[in-house]
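A.B. asks: A single structure is presented below for examination.
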Amino acid sequence: MIKIQHIEMLLAVERAGSIRAASKLLGKTQPAVTKALRQAEAELGAAIFKRAPSGVVVTEDGKPILRRARVIQSELRKMQEEVDQRRGLGTGRLNVTVSPLAAARLISGTLKRFKRRFPNVHVQISGGHEPIAFGPVRDGEVDLVIGPEPQAADVAGLSTTFLVETPIAVITGHNSRWLGETRLSELAKGDWLMIGTRARLPYLRRHFTKLGLEPPDPKITSDSIFSVLSLIEDSDYLCTYPGRVLEQTAARWRIRALDLDPPLISARIAIITSSERPPTPAQQYFSDCVQQVSANLFGPGDAEKL
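Positions in the sequence shown are counted from 1; adding 95 to them yields my numbering.
Laid out in structure tokens, this is it:
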């Protein structure tokens, strides 16, 4: 049976890209790492890596093995953090992914509350967007996402706590030719940008398909909100944007929101976590802080988990 030390070794080889580099990371000899790798592959009955000009690469059989190895390593770390936090040590890590609304309105107040109780827990905050933000939650690489709820196709393995509903606006540049346009059918003819990657296309297209319209194909996609806004402000580009952060955004950027009739479908913002793994005390308290900050700003949400 594969051992815990094999998990550490496999992930070190993946991260380093070669057995020699992995041996340095682990503080072991290269023959020892090679032997452990052969043992792991023999136990699993599958080749995990294959030789490449610059070291090793992951095989097709190795990809799901390493994905599960990351989950195991994450759970071992969480197990120790759980014990330490319950003993009052208050150490550990939290990985949090936030949408634009969460980044602008929720995360600052949440961290102020959270750090009073867990000052020594390291919090890594990254920007991310559905649906690709959900995979790392399932795999244990991210503890929670604060952003739009998953659609039906994405809910497997996830637990959702609703926070607030936000209208979705269409924004464009301050001198755009689209200013004053109210019909989505006309806007579909324009050049669109999209926050996130092309994996988010279903979230954009649903606004159009609901009205029987042909959805646009975004010319540019970007995970960087600053990049998107800088492209929009002096152009005719169009982009969907959360309405609850429009006031702050318009105060800093030369963008305008269009008054559409009918308006776009609203988005439900939620805390998304894994339904397969229990939260550590720090993660649970962080979620509680998010809910309290959201309730103070927007009113109470629905604390029920779906």
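Positions of the beta carbon are idealized from the N, C-alpha and C atoms, including for glycine.
What you are looking at is a predicted structure, and each value in this text was computed from that prediction instead of being measured.
What's the gap between the Cα of residue 154 and the Cα of residue 248?
C.D. replies: Working through the sequence shown from its first residue, we reach residue 154 at position 59. Working through the sequence shown from its first residue, we reach residue 248 at position 153. Distance between the alpha carbons of residue 154 and residue 248 is about 28 angstroms.
A.B. asks: Quick check on residue 204: does DSSP put it in helix, strand or coil?
C.D. replies: Counting from 1 along the sequence shown, the entry for residue 204 is found at position 109. DSSP places residue 204 in the helix class (H, G or I) of the three-state scheme.
A.B. asks: Let's test the definition: count the other Cβ atoms within 10 Å of the Cβ of residue 192 and tell me whether it reaches 16, buried, or not, exposed.
C.D. replies: The residue given as residue 192 occupies position 97 in the sequence shown. The C-beta of residue 192 has 16 or more other C-beta atoms within 10 Å across all chains shown, which makes the residue buried.
A.B. asks: Are three or more beta carbon pairs between the region 370 to 377 and the region 278 to 291 nearer than 8 angstroms?
C.D. replies: no
A.B. asks: Can you have a look at residue 170 and say buried or exposed, based on whether 16 or more other CB atoms are within 10 angstroms of its CB?
C.D. replies: Position 75 of the sequence shown, counted from the start, is the residue given in the question as residue 170. When all chains shown are included, residue 170 counts as exposed.
A.B. asks: Determine the closest residue to residue 220 out of 211, 189, 105, 226, with distance taken between C-alpha atoms.
C.D. replies: Locating residue 220 in the sequence shown gives position 125, counting from the first residue. Comparing Cα positions, the closest option is 189.
A.B. asks: When you compare each of 316, 328, 300, 122 to residue 310 by their alpha carbons, which one comes out closest?
C.D. replies: Counted from its first residue, the sequence shown places residue 310 at position 215. Comparing C-alpha distances from residue 310 to each of 316, 328, 300, 122 shows the shortest one belongs to 300.
A.B. asks: If you draw a straight line from the C-alpha of residue 401 to the C-alpha of residue 256, how long is it?
C.D. replies: Within the sequence shown, residue 401 is the residue found at index 306, counting from 1. Within the sequence shown, residue 256 is the residue found at index 161, counting from 1. Unreliable placement is indicated for residue 401, whose pLDDT of 38 sits below 50; no coordinate value is reported for it.
A.B. asks: Quick check: what's the CA-CA separation for residue 305 versus residue 216?
C.D. replies: Start at 1 with the first residue of the sequence shown, and residue 305 comes out as number 210. Start at 1 with the first residue of the sequence shown, and residue 216 comes out as number 121. Answer to the nearest angstrom: the Cα atoms are 44 angstroms apart.
A.B. asks: Does the region 170 to 187 come within contact of the region 322 to 338, defined as at least 3 CB pairs closer than 8 angstroms?
C.D. replies: no
A.B. asks: Assuming residue 167 and residue 157 make a contact with CB atoms under 8 angstroms, what is their CB distance in whole Å?
C.D. replies: Residue mapping note: residue 167 aligns to position 72 of the sequence shown, counting from 1. Residue mapping note: residue 157 aligns to position 62 of the sequence shown, counting from 1. The pair is not a contact, with the Cβ atoms about 15 angstroms apart (cut-off 8 angstroms).
A.B. asks: What residue does the alpha helix (DSSP H) around residue 217 start on, and which one ends it?
C.D. replies: Within the sequence shown, numbered from 1, the residue matching residue 217 stands at position 122. From DSSP, residue 217 is part of no alpha helix (DSSP H) but of the beta strand (DSSP E) over 216 to 222.
A.B. asks: Between the C-alpha atoms of residue 243 and residue 365, what's the straight-line distance to the nearest angstrom?
C.D. replies: Taking the sequence shown and counting its residues from 1, the one referred to as residue 243 is at position 148. Taking the sequence shown and counting its residues from 1, the one referred to as residue 365 is at position 270. About 6 angstroms.
A.B. asks: Please report the distance separating the alpha-carbon of residue 363 from that of residue 350.
C.D. replies: Along the sequence shown, read from residue 1 onward, the residue named residue 363 stands at position 268. Along the sequence shown, read from residue 1 onward, the residue named residue 350 stands at position 255. Computed Cα separation, rounded: 24 angstroms.
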